[in-house]
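Here the protein sequences line up with chains A and B, keeping their order.
With this note's numbering, you'll find the first sequence wraps up at 1775, consecutive numbering, no jumps.
With this note's numbering, you'll find the second sequence wraps up at 1775, consecutive numbering, no jumps.
Since the structure comes first, as structure tokens, the remarks are kept for the end.
Number of protein chains: 2
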Amino acid sequence: MTRTTADVTFLRGYNQALVMAVGRTARTFERSTVVDATGLTPQAVSKVIARLTADGLIRSAGVRRPGIGKPAVVYELVPDSRYAIGAHVARRTLRLVLVDLAGTVHHSTVSPLAGDFTPEHLLDALRVGIDAITAGTELRSRLTGVGIGMIGPLDHAHGLVRDAHGLRHWHDVPLRELAEAHLGLPVHLDKDVTAGITAEAWRHGATFGDAALIMVESGIGAGFRLGGAAHRGAHTNAGEFGHTVVDLDGPRCVCGRHGCLEVVHLRATEAGDVPRAARVLAVGVVNLLQTLDLAHVVLAGADLLRHAEVYRAAVERAVRTDVPRADWLTPTVTLSSLGADVIAAGAAMQVLDQRYGIPDLAPGAPPTIVRQSVVGAR
Amino acid sequence: MTRTTADVTFLRGYNQALVMAVGRTARTFERSTVVDATGLTPQAVSKVIARLTADGLIRSAGVRRPGIGKPAVVYELVPDSRYAIGAHVARRTLRLVLVDLAGTVHHSTVSPLAGDFTPEHLLDALRVGIDAITAGTELRSRLTGVGIGMIGPLDHAHGLVRDAHGLRHWHDVPLRELAEAHLGLPVHLDKDVTAGITAEAWRHGATFGDAALIMVESGIGAGFRLGGAAHRGAHTNAGEFGHTVVDLDGPRCVCGRHGCLEVVHLRATEAGDVPRAARVLAVGVVNLLQTLDLAHVVLAGADLLRHAEVYRAAVERAVRTDVPRADWLTPTVTLSSLGADVIAAGAAMQVLDQRYGIPDLAPGAPPTIVRQSVVGAR
DNA sequence: GCGAATTTAGCAACAGCGTTGCGTAATAGG
DNA sequence: CCTATTACGCAACGCTGTTGCTAAATTCGC
């Protein structure tokens, strides 16, 4: 029941974010564009545009002459007005990217992480990496924050790493707090796949309401965007897609069950049978489509991208043939447009989203127990 | 990009709905309860309560003496101030229920539908049924609308039945419009399983953020509530859970694939092996948990409830043993508390939700193409 | 050329929301 | 009977987006 209360400042942020969303999607736009897209009155849009211009987030980019009448002022996002750092923490590497307000990736660096890295190691590596990116520039003042995409399980609502698979030293680490203190910047912590799907959604705009990012990279995971928002699940643990059973009598998986997608896929890969591995993954993808009715599927991950076209073709084929009523149900199947940077870039975009995106009225905060009132005795 | 514009009337409706949600959850409450639960200021709550009282939706129910100080006024929902009709349209039956503002089911009637019923047949059956329920009462004036839960595929956003499985005469029928015209009441059309999970969410309150309703009744389907909202998917077709492959080399399913959950389950049922059927379903449920990280699983459907305890135990057992780190991940597994009325009751609650629930800022309307502005020539 | 039509943009007054400040009512305890 | 305490609402306020209307910049027709 702990929903954010809706006051007038919410209106401000919300409508402002609508205009920013138009700016990100269209690159150049004018007042009437925003009016059509949002339903706000022209006067309201004028006010919002004035505020955004004052903040330096958008700027005029000339005029358009639609024929008769006074020319319309054309606006555009100012990409370099704000930046965010994105970090992808994998088991042995730390990838850092710099993303601007328009979603463009500017820097991308990879540094190794020691096999048994501790929170302190990571914090130092983050600081060093961020300093290297911002050194010699006055970019620091325009940094909105740092997004961290990491393997789970973790607790997004509290910024806690609960038990990163395969990493000792990472049990109930309050990484968000630690990093905020260590870096002096707002930090957003999320599961890697969720960050990844955010990146794809940014690039594709508002049409990306129901979509999944399929990630094959030392395991199989999925990030979801459902109903226009990231889906993380009750414990930020959604996306353990590799551990869904597709073969009841299949080989035993590390998770204890038999015939998980991941282990069946692994067997095919180990046998060198990439086409079969791709077909297995495709079965899993169609399972997702049947369950969730997604409009877009994005394929990513180092192990997949190594045979990108084989996988893409196999999934596309399965989607076309195995889902009934294909005429109006067929989702798009694409490869990640950001390659190895997806996770890190998405983490950065989440930070920008938090500050300049559509505010969320119902955050995942634990619901309050509503206490019952009993009428007292006379 | 077509999100509803946020104006001040949105604030009004939103905060009003927050208070109503507290009323539904707590049954009796006072001003301070709402303040704690919503974060609104006491003064704002006073204003909202005054409005709701004027509308007859809540009323004072005495006072509570917390010890020292002026006693607090205790409020309660007025259950009989508003009603909604819920309809569950199955292949051969029409079930109608009357639900009040508190979510209590008052009437429940089942009437047969001809094997090949047409839209006209259904409309007439609805009218006759609703008239029978409201006859002789002045309940009609307090009817908020009619909710229809139906088998898919359908288009929730446009109120269209696209191709109801196994029903001729049902291709692209604009049922919502037709029914609104025929009944003279607002109508809400949704997929059966989605209506069902709404009913469960109403009964369980705000904690029901990520949950699924598993429905076994001439096929296997699932309704989802994710992130506190119903998940319908890109084409209102989410929940075709029975057609996910769990056995790569399994028997051929009617959908064309091999080893779908539904066909594997069916084989076990046909063999009279209910425990095995239950175990198969449990595998599917665990798959869902891995994928979506749900906190609650509700079991329903005539075929399941016939052996309710076998299924519940099997699913509960699988959830406990097959999902790793069971300590903080274990979801609750329950049987539907509304029995055969779930779908119809949920459909009715959706109508009440639409009118008195938390407004949705991002409806599933098709996103507008944002046209790009080009700076005109000098 | 020059006025009329047309389109864009903004100023000013307004209505409605939650918030703040403060006064008032109702109780228990001394 | 007074005081501390708690509940509650009136009034003024600040902030939204909205409405009404005026000004500016352009094309088109004569």
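By construction, the Cβ of each residue, glycine as well, lies at the ideal position given by its N, Cα and C atoms.
Computed from a prediction, not measured in an experiment: that's the story for all the values here.
Return helix, strand or coil for R1409 (chain A), following the three-state DSSP convention. In this structure, R1409 (chain A) counts as helix in the three-state DSSP scheme.
Is it true that the CB of Q1413 (chain A) sits closer than 7 Å to the CB of V1445 (chain A)? With respect to Q1413 (chain A), V1445 (chain A) sits close: the two C-beta atoms are nearer than 7 Å.
Distance cutoff 7 Å, beta carbons only. Does M1417 (chain B) sit that close to anything in chain A? Closer than 7 Å: no.
Less than 6 Å between C-beta atoms, sequence neighbours within five positions excluded: which residues of the same chain meet that for V1613 (chain A)? For V1613 (chain A), where only same-chain residues beyond five positions count, the Cβ hits under 6 Å are G1698, D1700, L1701.
In this structure, how does DSSP classify G1647 (chain B) when only helix, strand and coil are distinguished? Under the three-state reduction of DSSP output, G1647 (chain B) falls in the coil class, being neither helix nor strand.
Assuming G1630 (chain B) contacts G1620 (chain B) (C-beta within less than 8 Å), just tell me the rounded distance between them. Contact doesn't hold; Cβ gap of about 11 Å is too wide.
Identify the contact partners of A1626 (chain A) in chain B, using a Cβ-Cβ distance below 7 Å as the criterion. Under the 7 Å cutoff, chain B gives G1624.
Residues of chain B with CB under 7 Å from G1542 (chain A), in chain order? In chain order: nothing, as chain B lies at least about 23 Å away.
Separation of E1574 (chain B) from R1559 (chain B), as counted between CA atoms: Within the model, the alpha-carbon separation for R1559 (chain B) versus E1574 (chain B) is close to 14 Å.
With a cut-off of 7 Å, does the C-beta of L1678 (chain A) fall near any C-beta of chain B? Taking CB atoms only, L1678 (chain A) has no neighbour in chain B less than 7 Å away.
Give the DSSP-derived three-state secondary structure of L1437 (chain A) in the structure shown. DSSP places L1437 (chain A) in coil when its eight states are reduced to three.
Assuming V1691 (chain B) contacts R1709 (chain B) (C-beta within less than 8 Å), just tell me the rounded distance between them. Before going on, a small fix: residue 1691 (chain B) reads as Leu here, not Val. Actually they are not in contact, since the Cβ atoms of L1691 (chain B) and R1709 (chain B) sit about 16 Å apart, beyond 8 Å.
Coil, strand or helix - H1518 (chain A) by DSSP: Residue state for H1518 (chain A) is assigned as helix, using DSSP reduced to three classes.
Return yes when the Cβ of S1457 (chain B) is within less than 7 Å of the Cβ of V1475 (chain B), no when it is not. Contact flag unset, no.
Mind checking if T1402 (chain A) is an interface residue toward chain B, Cβ cutoff 7 Å exclusive? Yes, because at least one Cβ of chain B sits closer than 7 Å to the Cβ of T1402 (chain A).
Is there a C-beta anywhere in chain B that falls below 7 Å from the one on Y1411 (chain A)? For Y1411 (chain A), the answer is yes, since a Cβ of chain B falls inside 7 Å of its Cβ.
Using a C-beta cutoff of 7 Å, does L1564 (chain B) count as contacting chain A? Contact with chain A is absent for L1564 (chain B), since none of that chain's Cβ atoms lies less than 7 Å from the residue's Cβ.
Secondary structure at G1681 (chain A), three-state DSSP: helix, strand or coil? In the three-state reduction of the DSSP assignment, G1681 (chain A) falls in the helix class, which pools H, G and I.
Would a check of beta-carbon distances place T1641 (chain B) closer than 7 Å to chain A? Closer than 7 Å to the CB of T1641 (chain B) there is at least one CB belonging to chain A.
Can you give me the Cβ contacts of R1537 (chain B) inside the same chain, cut-off strictly under 8 Å, excluding the 5 residues immediately before and after it? Short of 8 Å from the beta carbon of R1537 (chain B), and not among the five residues preceding or following it, lie these beta carbons of its own chain, in chain order: T1531.
Taking Cβ to Cβ, would you say D1738 (chain A) is nearer than 7 Å to V1419 (chain A)? In this structure, D1738 (chain A) keeps its C-beta atom at 7 Å or more from the C-beta atom of V1419 (chain A).
Which complete alpha helix (DSSP H) runs does the segment 1687 to 1724 of chain A hold, if anything under 4 residues is left out? With a minimum length of 4 residues, the continuous alpha helix (DSSP H) runs that stay inside the segment 1687 to 1724 of chain A are 1699 to 1702, 1705 to 1719.
The segment 1540 to 1558 of chain A contacting the segment 1743 to 1755 of chain A, beta-carbon criterion three pairs below 8 Å: Yes: at least three Cβ pairs fall under 8 Å.
Candidates A:E1535, A:L1678, A:G1483, A:P1439, of which the one nearest V1507 (chain A) by Cα: If we check each option's Cα against that of V1507 (chain A), A:G1483 comes out closest.
Looking at chain A, is there any beta carbon in it that lies within less than 7 Å of the beta carbon of H1632 (chain B)? Chain A contact via Cβ: present.
Whole angstroms is fine: what's the gap from P1764 (chain B)'s alpha carbon to H1585 (chain B)'s? Because the pLDDT of P1764 (chain B) is 43, which lies under 50, any placement of that residue in the model is unreliable, and the number read from its coordinates should be weighed accordingly. Approximately 21 Å, taken between the alpha carbons.
Helix, strand or coil: which one does DSSP assign to R1343 (chain B)? Outside the modelled stretch of chain B, which goes from 1398 to 1775, sits residue 1343 (chain B), for which no answer is possible.
The beta strand (DSSP E) with G1459 (chain B) in it runs from where to where? 1455 to 1461 is the span of the beta strand (DSSP E), which, as asked, contains G1459 (chain B).
Secondary structure at F1392 (chain A), three-state DSSP: helix, strand or coil? Residue 1392 (chain A) lies beyond the stretch modelled for chain A, which goes from 1398 to 1775, so this question has no answer here.
Could one say the Cβ of L1408 (chain A) lies closer than 7 Å to chain B's Cβ atoms, at least one of them? Yes, its Cβ sits closer than 7 Å to a Cβ of chain B.
Tell me which residue opens and which closes the beta strand (DSSP E) that V1475 (chain B) is part of. It is not in any beta strand (DSSP E) - V1475 (chain B) carries neither H nor E in the DSSP assignment.
Near G1647 (chain B), what residues of its chain come up, given a Cβ to Cβ distance below 6 Å and the 5 sequence neighbours on each side ignored? H1655, G1656, V1661, listed in sequence order.
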